[in-house]
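Participant: First, the structure itself, so that you have it in front of you.
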Amino acid sequence: MRPKKIWIALQMLYLLALSCKQEPNTLFTEVDPSHSHINFTNTIKEDKDYNVLTYEYIYNGAGVAVGDLNNDGLPEVMLTGNMTPNKLYLNKGNLQFEDITGKAGVPGRAKWKTGVVMADVNGDGLLDIYVCYSGPGTDEERANELYINTGVQNGIPVFKEQAKQYGLDAPGTYTTTASFFDMDNDGDLDMFMVNHADLFFNPFFNSTKLRSTRHPKFGNRLYRNDNGVFSDISELAGIDGSGLNFGLSVAVSDLNDDGWPDIYVTNDYDERDFLYLNNHNGTFREVLTKAAGHLSEFAMGSDIADFNNDYLPDIMVLDMLPEDNHRQKLLKGPDAYDRYSMRVQNGYHYQQMRNTLQLNNGNDTNGIPIFSEIAQMAGVSNTDWSWAPLFADFDNDGWKDLFISNGIFKDINDLDFVKFTSGYSQNPNVGKINDKEAMWQLIQQMPSTKLNNYLYKNNQNLGFTNVTAQWGLTKKTVSNGAAYADLDNDGDLDLVINSLNDNVSVYKNNSRETSGGHYIKLRLKGEAKNTYGVGAKVFVETEHNHQFQEQYLTRGFQSSVDPVMHIGLGADSIVKSLLIKWPQGKTTFLGNIKADTLLVIDENSRQGFSEPEIEYPGPLFQDVTQTCGLNYIHKPLGFVDFKVFPLLPYQLSKTGPCIAKGDVNGDGLEDVFIGSSNGSASELYLQTKAGTFTMAARQPWNNNINITNTDALFFDADNDKDMDLYIVSGGTEYNPGNKNYQGRFFENDGHGNFTLREDALPAETASGGCVRASDIDHDGRPDLFIGNKISPGAFPQSPESFILKNKSANAQIQFVKDVQKDTTLAHAGMVTDAAWVDLNKDGWDDLVAVGEFMPITVFENHQGQLVNETTAYGLANTEGWWCRLLTGDFDKDGNTDLVIGNMGNNTQFKASAQQPLSIVYKDFFSNGSIDPVLCYYNGGKQWPYYSRDEMAEQIPSINKKFLHYNDYADAQLTDLFSEDQLQDAHTVNIRMLTSVFVKNTGNKKLIVQPLPQYAQMSAITGMVATDIDGDGNKDIIAAGNFYPFRVQLGPLDAGIGLVLKNNGKGVFTPLLYEKTGLCIRGDVRNLVAVQGGNNHFIVAAKNNGQLQILKLKHF
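When you line the sequence shown up against mature numbering (1 follows the signal peptide of the UniProt record, and there is no 0), it's residues -22 to -1, 1 to 1093, in that order.
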């Protein structure tokens, strides 16, 4: 019996081991070095002469390159070391490797190595290796190396260093990385080299000359391959290369889909990133400020791929904003409005310290891609000091996920250290700033924090879910370069990560064992000397998905990936169609391919495929801004709110322009009024029968231009069949009670001539937000709701809102202030918009008001008395940052629904009923100034949003209370203020930031539903309802952005306008730019639809910009 028991026990152990092997706990498992035999550590050693203060980029780490060097079907791994020797590992299968550095002849020099990439530089079918050098030393010591693969001997690839012979040694440059690609589509590989400066110039001194002068060692370079010899054509090609250049990565892609590769280059510090579009003649044009609203400030690694499967390549760039509150407070200093503004004025564009994800919307009429930056909405903006982003389908579900390497060896931006080493310290032991010994002691005291890398699963809805722990990457390191490849040929992508002072990490992907998702792998064999098909585009269609990938190898940071392209297919086991567009114009088509295989596709071996000619419908909109005659340009007041009120979340004075439409002269054509900001003229334009506009001869509202006009309404106040005009005055330029906050009423003589009637309105000087008209008491005369927004000097206190009852009689127009029994109307909130609508179908118009830090508020009209029924309608917890309100029966049930534009989900702020965004406010120190302290949740706890420096600007005692940033980093509101101070403080909340559709089902039941994700990427500040395609359903045209936020928040600029197609049941589908041609960029504040004859115009009012007019083309 004993042998049988032993046999049974062994069988059980075997089955248990087999089960464990088949069902790993996580998607990735780290391979122990004892198994892989990859024993490599990028060790750096500092001393008083060689440290982060003598070489700025000492902690930037080194790279990884992966590729099959001996053509045996298994990818090798090349690792560079800054101070340590490089290592090349031969893949022997089963995730086991052999160090062949010496045998292969790629030891490198004992100097500072950085990036490493693989490419077939000489076009012989064998991958070569390019190694970059930087750091202190002579020009010759910083010369780069090109290891040409001379062939395979006994299974070992053998290399010969020939950088100088090929013209690619670039002695003296400080090179970070390089990318090989065919920039002129001539069949061989050219090269872009990323370099960085080693000293700092003042970016604001003689900026134009400084930025236009090429630096011989610091500037990036473009090399053209001329029959195997590379020529530097940087200046001729239009590549920037000044002394301000701190280049850290390059990504190549055909971003505007013209068949030619374009170049994206990241820059650290003041100089911005560059986007070079290919001119098809060996030159490039730089277009990034036209393509993107803002960029990453300290831009590091980058990658380009189509992450949302719309056939358009998107751009990911990494920065250094931490995820958790503590580290944010350690790294974030003052808001630096002046420096930020100087950067913009000097051409460095808008730069934010956070990761950016540029969503590609397609091209404008000049062939420039239009990007919407959505990293915050996508959930990938805050990953701390990050280096390598890599888009790849790690779980084989058909959608590209995102890996991010992370960490900094020592927190050189820790503000306690920065202030301590910049002359702020009172410690007598520090010594002078140039004392090497003292500085070395300080460096040794710098904090060092290892961090985990990040893994994000694509949620298939313009975003990602953090699955770092779930997928097994919990190890804390200081990681830099990284690359992916199917190292064990099991059908999923493994990871290799190079870390500082830590062993390299090799992660086995268990996707095939855990999820069973299908895949296909492609080995492209290009013709001529582009043997790996670099630049080819691959389009894959399956039953449930379609995807697009480009063949470029340099990705992430200082690294390159395996040339074998990997495409996850999810549950689909058949590829219905596979289309390859080769760089020189040929196409290859394959159909009905079984999944889970490797295809070797030769550019010359397959019959070409001609794409069918498809006639796409033209755009729905035509931009007629330059030809219609509406030539208004808004000019904001130069006042900077933050100089007076440092804790405001945004500049309250940056309002307008307002816009109103109405047929003022009775010709059947709607005319347009634009209300200006303080110091500028407002303008009325009359529409002509030709569909153009001319400025009215009389503009009486400009008798006083020292008013900020925040809203306007055409309505017939006296029932004489013409449109009179009410203009709301607002802003924050004056003290409370100033006469320039008084609303104004202009009477129309029936011919479009207006006269100010000062006696028509009661004296009221609240800073206004909106005006809406309805006959609320059924006396036959339209009354007005005046929704006021701002209490000047007392943000976020609610100003008084009120009803103006129309008492006009005997040709005398007269409005009087009405006193409502329900006093909640008087201080409803910071009202931005409102609408009169009969929600309960009792024949009396009810009032819906929305605004900032207030709920969607419903006042039922009880025969002229307005009663707050917000809670009864189920809207008690709907406090939002509401911007715009649209009404209509969108689901055809006979009830009026609401569509409400909010601030959106693309900010640092997140809000929910349980974890609201709040402002706690009070004159905490009895100095006559309201202190609005913005609070947010991070990690489940509520914190003051502002940094120590930001708080101290308004409350100087903070500096004494918290001597160090580290002390302040964990301070909550109760640590900033005493219990007595907080006892009578006021709080306003935001519990939702999404823009919504509010479905009215009747019987006082409103159901709040989020609009599609494409409607959440920016604030919605303008909406109109129209039947876009003649199907009888009310569709929505929406637009909006919001620029005046604090510097560290940056502008909301991702919106380009959006058509929401209604199915007739209140379900909306976004119609994107490529189908509609709708492009409304800028700081949009409102939209109006203007009718005239057969013309249907959409007019967009923009702060600090020109009015934009679009003509809707009818079907």
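The beta carbon of each residue, even a glycine, is placed where N, CA and C say it ideally should be.
With DSSP as the reference, label Glu581 as helix, strand or coil.
Facilitator: In this structure, Glu581 counts as coil in the three-state DSSP scheme.
Participant: What's the gap between the Cα of Gly237 and the Cα of Asn582?
Facilitator: Distance between the alpha carbons of Gly237 and Asn582: 19 angstroms.
Participant: Pull up the distance between the alpha-carbon of Leu664 and that of Asn609, whole angstroms please.
Facilitator: 12 angstroms
Participant: Nearest to residue 1097 by CA position, among Leu478, Gln994, Val243, is which residue?
Facilitator: Coverage of the chain is limited to positions -22 through 1093, which leaves residue 1097 absent and any answer about it impossible.
Participant: Name the one or two DSSP bridge partners that His174 has.
Facilitator: Phe224
Participant: Between the Cα of Leu531 and the Cα atoms of Asp601, Asp248, Ser280, Asn69, which residue gives the shortest distance?
Facilitator: Ser280
Participant: Tell me the DSSP secondary structure of Trp418 in three-state form.
Facilitator: helix
Participant: Identify which residue in Asn788, Glu736, Ile16 has its Cα closest to the Cα of Asp77.
Facilitator: Relative to Asp77, the option among Asn788, Glu736, Ile16 whose CA is nearest is Ile16.
Participant: Can you give me the start and stop residues for the alpha helix (DSSP H) that Lys939 sits inside?
Facilitator: 935 to 939
Participant: Label Ser890 either buried or exposed according to how many other C-beta atoms from any shown protein chain fall within 10 Å of its C-beta, with 16 as the threshold for buried.
Facilitator: exposed
Participant: For Asp1005, count neighbouring Cβ atoms within 10 angstroms of its own Cβ and tell me buried if that reaches 16, exposed if not.
Facilitator: exposed
Participant: Does the Cβ of Glu648 have 16 or more other Cβ atoms within 10 Å, making it buried, or fewer, making it exposed?
Facilitator: buried
Participant: Is Lys(-19) helix, strand or coil when you go by DSSP?
Facilitator: Per-residue confidence for Lys(-19) stands at a pLDDT of 44, beneath the threshold of 50, marking its modelled position as unreliable; the derived number appears in the next sentence. Reduced to three states, the DSSP call for Lys(-19) is helix.
Participant: DSSP has Arg862 in a bridge; who is on the other side?
Facilitator: Gly879
Participant: Under 8 angstroms between the Cβ atoms of Leu825 and Leu844?
Facilitator: In contact: Leu825 and Leu844 (Cβ atoms closer than 8 angstroms).
Participant: According to DSSP, simplified to helix, strand and coil, what is Tyr318?
Facilitator: Note: Tyr318 maps to helix in three-state DSSP.
Participant: Taking the C-alpha atoms as reference points, what is the distance between Asp737 and Ala270?
Facilitator: 50 angstroms
Participant: By the three-class DSSP mapping on this structure, what secondary structure does Ala997 have?
Facilitator: coil
Participant: Counting pairs of Cβ atoms below 8 angstroms between the region 994 to 1010 and the region 901 to 914, do you hit three or more?
Facilitator: Touching, no, given that fewer than three Cβ pairs across the two stretches are closer than 8 angstroms.
Participant: When you compare only the Cα positions, how much space is there between Tyr111 and Asp292?
Facilitator: Taking the straight line joining both Cα atoms gives about 30 angstroms.
Participant: What is the DSSP secondary structure of Phe395, counted as helix, strand or coil?
Facilitator: Three-state DSSP puts Phe395 in a helix.
Participant: Starting from the Cα of Glu711, find the closest Cα among Ala744, Phe692, Asp694 and give me that residue.
Facilitator: Selected option, being the one with the closest Cα: Ala744.
Participant: With distances taken between CB atoms, is the gap from Phe196 to Asn180 smaller than 8 angstroms?
Facilitator: No.
Participant: Identify the residues that DSSP records as bridge partners of Trp814: which are they?
Facilitator: Trp814 is bridged to Leu825.
Participant: Quick check: what's the CA-CA separation for Phe387 versus Leu393?
Facilitator: Going from the Cα of Phe387 to the Cα of Leu393 covers about 16 angstroms.
Participant: Closest to Asp373 by CA distance: which of Pro894, Thr4, Glu931, Gly980 is it?
Facilitator: Thr4
Participant: Counting only runs of 3+ residues fully inside the region 1018 to 1046, write out the beta strand (DSSP E) ranges in chain order.
Facilitator: 1036 to 1040
Participant: Where does Thr509 land, buried or exposed, given buried means 16+ other C-beta within 10 angstroms?
Facilitator: buried
Participant: Between which residues of its own chain and Ile908 is the CB-CB distance below 8 angstroms, once the five residues before and five after are set aside?
Facilitator: Gly771, Ala772, Phe773, Gln775, Tyr899, Lys900, Asp901
Participant: Going by other Cβ atoms of all chains shown within 10 Å of its Cβ, with 16 needed for buried, is Asp413 buried or exposed?
Facilitator: Asp413 should be labelled exposed.
Participant: List the endpoints of the continuous alpha helix (DSSP H) containing Gly80.
Facilitator: 79 to 82
Participant: Which residues share a DSSP beta bridge with Tyr125?
Facilitator: Ile107, Glu139
Participant: When the Cα of Phe208 is compared with those of Lys435, Phe252, Phe178, Gln140, which residue comes out closest?
Facilitator: Gln140
Participant: One question on the structure: do Ser364 and Met424 come within less than 8 angstroms of each other, judged by their Cβ atoms?
Facilitator: No, they are not a contact pair.
Participant: Please name the residue, chosen from Pro833, Leu547, Ile933, Gly1070, that lies closest to Thr849 on a Cα-to-Cα basis.
Facilitator: Pro833
Participant: When you compare only the Cα positions, how much space is there between His840 and Leu1065?
Facilitator: Near 32 angstroms, if we compare the C-alpha coordinates of Leu1065 and His840.
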